[in-house]
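Taken in order, these protein sequences are the chains called F and V. Counting from 20, one number per residue, gives the positions in the first sequence under the numbering used here. Counting from 98, one number per residue, gives the positions in the second sequence under the numbering used here. Here a beta-carbon is modelled for each residue, glycine too, at the ideal position from N, C-alpha and C.
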Amino acid sequence: MSDSKIAIRVDDLTVAYNFKPVLWDIDLEVPEGVLMAIVGPNGAGKSTLIKSILGIIDPIAGSVSIYGKPYDKQRKLVAYVPQKGSVDWDFPTTALDVVMMGTYGKLGWIKRPGAKQKKAALEALEKVGMLPFKSRQISQLSGGQQQRVFLARALVQNAAIYFMDEPFQGVDATTEIAIINILKELRKAGKTVVVVHHDLQTVPEYFDWVTFLNVKKIATGPVKDIFNDDNLTKTYGINYKVAVNQ
Amino acid sequence: MELSDYFSQLFSDYTLRTITLGTAILGAICGMLGSFAVLRKQSLLGDAISHAALPGIAIAFLITGTKDSNILLLGALVSGLIGTFWIRGMITKTHLKSDTALGLVLSLFFGFGMLLLTFIQKQPNANQAGLDKYLFGQAATLVESDVMLMAIVTGICLVIMLLFWKEFKILLFDADYTKTLGFNTRFIDVLITFFIVLAIVLGLQTVGVVLMSAMLLAPAAAARQWTNKLSVMIVLAAIFGAFSGVFGTAISASQNNLSTGPVIVLVAGVFVVVSFVFSPGRGILFKQLRKYQNRRDLKLQKTLQFMFDIAKTHENISHPHAIKILNNFQGYTRASLKEMEEKEWVKVRGQKWAMTEKGYDAAVNLYKNN
Numbered sequence: 020m021s022d023s024k025i026a027i028r029v030d031d032l033t034v035a036y037n038f039k040p041v042l043w044d045i046d047l048e049v050p051e052g053v054l055m056a057i058v059g060p061n062g063a064g065k066s067t068l069i070k071s072i073l074g075i076i077d078p079i080a081g082s083v084s085i086y087g088k089p090y091d092k093q094r095k096l097v098a099y100v101p102q103k104g105s106v107d108w109d110f111p112t113t114a115l116d117v118v119m120m121g122t123y124g125k126l127g128w129i130k131r132p133g134a135k136q137k138k139a140a141l142e143a144l145e146k147v148g149m150l151p152f153k154s155r156q157i158s159q160l161s162g163g164q165q166q167r168v169f170l171a172r173a174l175v176q177n178a179a180i181y182f183m184d185e186p187f188q189g190v191d192a193t194t195e196i197a198i199i200n201i202l203k204e205l206r207k208a209g210k211t212v213v214v215v216h217h218d219l220q221t222v223p224e225y226f227d228w229v230t231f232l233n234v235k236k237i238a239t240g241p242v243k244d245i246f247n248d249d250n251l252t253k254t255y256g257i258n259y260k261v262a263v264n265q
Numbered sequence: 098m099e100l101s102d103y104f105s106q107l108f109s110d111y112t113l114r115t116i117t118l119g120t121a122i123l124g125a126i127c128g129m130l131g132s133f134a135v136l137r138k139q140s141l142l143g144d145a146i147s148h149a150a151l152p153g154i155a156i157a158f159l160i161t162g163t164k165d166s167n168i169l170l171l172g173a174l175v176s177g178l179i180g181t182f183w184i185r186g187m188i189t190k191t192h193l194k195s196d197t198a199l200g201l202v203l204s205l206f207f208g209f210g211m212l213l214l215t216f217i218q219k220q221p222n223a224n225q226a227g228l229d230k231y232l233f234g235q236a237a238t239l240v241e242s243d244v245m246l247m248a249i250v251t252g253i254c255l256v257i258m259l260l261f262w263k264e265f266k267i268l269l270f271d272a273d274y275t276k277t278l279g280f281n282t283r284f285i286d287v288l289i290t291f292f293i294v295l296a297i298v299l300g301l302q303t304v305g306v307v308l309m310s311a312m313l314l315a316p317a318a319a320a321r322q323w324t325n326k327l328s329v330m331i332v333l334a335a336i337f338g339a340f341s342g343v344f345g346t347a348i349s350a351s352q353n354n355l356s357t358g359p360v361i362v363l364v365a366g367v368f369v370v371v372s373f374v375f376s377p378g379r380g381i382l383f384k385q386l387r388k389y390q391n392r393r394d395l396k397l398q399k400t401l402q403f404m405f406d407i408a409k410t411h412e413n414i415s416h417p418h419a420i421k422i423l424n425n426f427q428g429y430t431r432a433s434l435k436e437m438e439e440k441e442w443v444k445v446r447g448q449k450w451a452m453t454e455k456g457y458d459a460a461v462n463l464y465k466n467n
């Protein structure tokens, strides 16, 4: 692993809703090429952290840089997979159409996607095993299939950094394995992947980097060094020894 | 006048033609933009905006003293936009939910508008009467310049929509994601909202403040039932809207004392009801039919499986068995046996049945699929 280059750098990030801090003074450095889990209890601000890095939520303080430059100038290097539940899946459109949306950013205003974009979208669908469903209305896809479509939409962006908000939520074992294999492939290709993750059991198996978050940053670093009872207890407030060692 | 008279006079009678053209264009633009409102889950926005336009009409009259519809509608546009920005402001700055913000703006602006209308009616001014036509609309007052204005706005709206099609679509589906791609979502949002306000203001003279939101929502809600494609939905909504305008005008022109606005809205309502019941994909009727069909198929398949389990114990699968043994199986009826015979799954001879090759294969495939 090369930790020579810092892909994402967050300084003093603070977010508050209703005067209540949701994220408090977060400093974070994510080296290039890691597959990082963000873990923490409900309400720890995991999704908020991703969303404020991506500019979806305005922080009250702090800054974000991607490869040393402000995020605003580096958007094309970044892809986002939102939570599946954040959109209305009854929207009148097909799986292929949703994946095509991943090409809109590079196209910019007004320009329409063409044959090149369609080819890229089909390749991405193929990669997530959804090619046979390309013309399916998205409401007729299962939860796992919808998650794969979202993943394909991000893949088509061909970014350097991927942010994913709970990609394993509500998917079956087959889809989970398919998704994690794709994430590992991304890492192999030198991409940086940041995943909001809930299942502590799978952290050592899936990820090589981890950030413990509970409003404040508790710890961040390689899984083999810092994924231990001490940090888990600090993050979740109860003794996690039993749960993890079982 | 009979309905047929209406259509024969449509091309010769200037007034009738103007009104029909006006309501058709209005229906089309409302259907188009209403699709956006429905898909953004902002169905009530139209209602709030149209009510918010009322004080603008009254104030424009108080300031200028004219009843020139263009000037009054300009007033409506300004106060409609103010209402819209209040709603947006309330939602983002306070922690009120959007339905609360919409309801507040709707009733406050409408109340203020009504207050001004009653004030105007008490003024000793011969010019005052007729402002209340904006409450329920009066299509008969449409003149050629009004229709021209509608056509121009619809044309501009169409061009903008085609130009920013991709941006509109992605914003409607996933606004957060759109932001991460680097698009200025506020700009797209304001553009959509501005056109919705414009369409509403254009419709006030014809349909009126109170019923205007139905013009936006009904054609779009009906169109959604027939398609799973955004472009088709918008075209269909425009067509439904236009037809509602034409039929509504025709019906109200052929019957005395039926005011046009409400009739147009009712016709649009008929489109909605028909779509909810009869559309093939999402309609209640076909859904129910499919459910019934599935239940019947399942019953047949279960019976076939039962028979298969008996037949496979014999070397010859077509070995005949007594029909009586089927009585032990729940779900078996004479009718289902007959249906299976029609499908050539079994052969029935007297009081015995025998499985066919085809039936055997069908049963094997059932197991495979489950």
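Original post:
DSSP state of residue 149 of chain F, grouped into three classes?
Top reply: For the purposes of this step, residue 149 of chain F is taken as residue 130 along the first sequence, with counting starting at 1. The answer is coil: DSSP assigns residue 149 of chain F none of H, G, I, E or B.
Output needed in chain order: residues of the region 241-273 of chain V with a Cβ under 8 Å from some Cβ in chain F.
Those residues of the region 241-273 of chain V that come within reach of chain F (Cβ to Cβ, closer than 8 Å) are 260, 261, 262, 263, 264, 266, 267, 269, 270, 271, 273.
Fill in: Contacting residues, own chain, Cβ-Cβ under 6 Å from residue 98 of chain F (five flanking each side not counted)
Counting from 1 along the first sequence, the entry for residue 98 of chain F is found at position 79. The answer, listed in chain order, is 173, 176, 178, 181.
query: Do the region 228-238 of chain V and the region 60-76 of chain F touch if we need at least three Cβ pairs shorter than 8 Å?
result: They do not touch, by the three-pair rule.
TODO: For chain V, find out if any of its Cβ atoms is closer than 8 Å to the Cβ of residue 261 of chain F; answer yes or no.
DONE: Within the first sequence, the letter at position 242 stands for residue 261 of chain F. Its pLDDT being 46, under 50, residue 261 of chain F is placed unreliably in this model, and the value from its coordinates should be taken loosely. Residue 261 of chain F does not count as touching chain V.
Can you name the residues of chain F whose CB is closer than 8 Å to the CB of residue 321 of chain V?
Along the second sequence, one-based indexing puts residue 321 of chain V at 224. Those are 111, listed as they occur along chain F.
Can you give the Cα-Cα distance for residue 202 of chain F and residue 54 of chain F, rounded to whole angstroms? What you label residue 202 of chain F is simply residue 183 of the first sequence in a count that begins at 1. What you label residue 54 of chain F is simply residue 35 of the first sequence in a count that begins at 1. Distance between the alpha carbons of residue 202 of chain F and residue 54 of chain F: 8 Å.
Q) So what's residue 1 of chain F in DSSP terms, helix, strand or just coil? A) Shown here, chain F extends from 20 to 265; a query on residue 1 of chain F therefore has no answer.
* **chain V contact residues for residue 120 of chain F, given Cβ-Cβ distances below 9 Å** => As a first step, residue 120 of chain F is located in the first sequence; it is residue number 101 there, counting from the start. Near residue 120 of chain F (Cβ distances below 9 Å), the residues of chain V are 263, 266, 267, 270, 271, 274, 275, 278.
Who are the neighbours of residue 330 of chain V on chain F, taking C-beta pairs under 9 Å? Locating residue 330 of chain V in the second sequence gives position 233, counting from the first residue. Residue 330 of chain V reaches chain F at 111, counting residues in chain order whose Cβ is nearer than 9 Å.
* To do: Just confirm the distance between the C-beta atoms of residue 94 of chain F and residue 263 of chain V, as a whole number of angstroms; I'd bet it's less than 8 Å.
  => Locating residue 94 of chain F in the first sequence gives position 75, counting from the first residue. Locating residue 263 of chain V in the second sequence gives position 166, counting from the first residue. Taking C-beta atoms under 8 Å as the contact rule, residue 94 of chain F and residue 263 of chain V fail to qualify, at a distance of about 17 Å.
Q) Between the region 160-181 of chain F and chain V, which residues of the former have a C-beta closer than 7 Å to a C-beta of the latter? A) Listed by position, the residues of the region 160-181 of chain F near chain V (Cβ gap below 7 Å) amount to none.
If you measure from the beta carbon of residue 313 of chain V to each beta carbon in chain F, is any gap under 8 Å? If you number the second sequence from 1, residue 313 of chain V lands on position 216. Answer no: the Cβ-Cβ gap between residue 313 of chain V and chain F never drops below 8 Å.
Using 8 Å as the limit for Cβ to Cβ distance, is residue 131 of chain F near chain V?
Numbered from 1 along the first sequence, position 112 holds the residue referred to as residue 131 of chain F. Yes, residue 131 of chain F counts as interfacial toward chain V.
Compare the C-beta of residue 455 of chain V against all C-beta atoms of chain F and say whether one is closer than 8 Å.
Indexing the second sequence from 1 puts residue 455 of chain V at position 358. Chain F, which has no Cβ nearer than 8 Å to the Cβ of residue 455 of chain V, makes this no.
Problem set entry | residue 136 of chain F classed as buried or exposed, judged by whether at least 16 other C-beta atoms fall within 10 angstroms | Start at 1 with the first residue of the first sequence, and residue 136 of chain F comes out as number 117. With 16 or more other Cβ atoms inside 10 Å of its own Cβ, residue 136 of chain F counts as buried.
Task: Per-residue contacts from residue 106 of chain F into chain V (C-beta, under 7 Å) - done: Start at 1 with the first residue of the first sequence, and residue 106 of chain F comes out as number 87. Neighbours of residue 106 of chain F on chain V, chain order: 270, 271.
Checklist line | Reduced DSSP category for residue 323 of chain V - H, G, I as helix; E, B as strand; rest coil | finding: In the second sequence, the residue the question calls residue 323 of chain V occupies position 226. Here DSSP, grouped into helix, strand and coil, assigns residue 323 of chain V to coil.
| query | In chain V, which residues lie with their C-beta within 8 Å of the C-beta of residue 94 of chain F? | reply | In the first sequence, counting from the first residue as 1, residue 94 of chain F sits at position 75. Residues of chain V whose Cβ lies closer than 8 Å to the Cβ of residue 94 of chain F are, in chain order, 277, 278, 279.
Is the shortest distance between the beta-carbon of residue 324 of chain V and the beta-carbons of chain F less than 8 Å?
Position 227 of the second sequence, counted from the start, is the residue given in the question as residue 324 of chain V. Yes, contact with chain F.
Can you list, in chain order, the residues of the region 124-147 of chain V whose Cβ is nearer than 8 Å to any Cβ on chain B? Given the protein chain composition of this structure (F and V), no chain B is represented.
*Take residue 148 of chain F and list the residues in its own chain whose beta-carbon comes closer than 8 Å to its own, dropping the five residues that flank it on each side.*
In the first sequence, counting from the first residue as 1, residue 148 of chain F sits at position 129. Counting only Cβ-Cβ distances below 8 Å, and skipping sequence neighbours, we find 167, 197.
Can you tell me the Cβ-Cβ gap for residue 210 of chain V and residue 155 of chain V, rounded? I've got them flagged as a contact below 8 Å. Counting from one through the second sequence, the residue named residue 210 of chain V turns up at place 113. Counting from one through the second sequence, the residue named residue 155 of chain V turns up at place 58. Indeed they touch by this definition, with Cβ atoms about 6 Å apart.
Where residue 296 of chain V and residue 127 of chain F are concerned, what is the direct C-alpha to C-alpha distance, given to the nearest angstrom? In the second sequence, counting from the first residue as 1, residue 296 of chain V sits at position 199. In the first sequence, counting from the first residue as 1, residue 127 of chain F sits at position 108. Residue 296 of chain V and residue 127 of chain F have their alpha carbons spaced roughly 28 Å apart.
Sequence-distant residues of its chain with Cβ nearer than 7 Å to residue 227 of chain V (five each side left out)
As a working note, residue 227 of chain V is residue 130 in the second sequence. Cβ within range, chain order: 164.
- Item | Cβ of residue 416 of chain V within 8 Å of any chain F Cβ | In the second sequence, the residue the question calls residue 416 of chain V occupies position 319. No, residue 416 of chain V lies away from the interface with chain F (no Cβ there is under 8 Å from its Cβ).
Since I believe residue 420 of chain V is in contact with residue 450 of chain V (beta carbons under 8 Å), could you give me their beta-carbon distance rounded to a whole number of angstroms? What you label residue 450 of chain V is simply residue 353 of the second sequence in a count that begins at 1. What you label residue 420 of chain V is simply residue 323 of the second sequence in a count that begins at 1. Taking the Cβ atoms as the reference, residue 450 of chain V lies roughly 6 Å from residue 420 of chain V, within the contact range of under 8 Å.
Practice prompt. Check whether the Cβ of residue 395 of chain V lies closer than 8 Å to any Cβ atom in chain F.
Written response: By 1-based counting over the second sequence, the position of residue 395 of chain V is 298. Closer than 8 Å: no.
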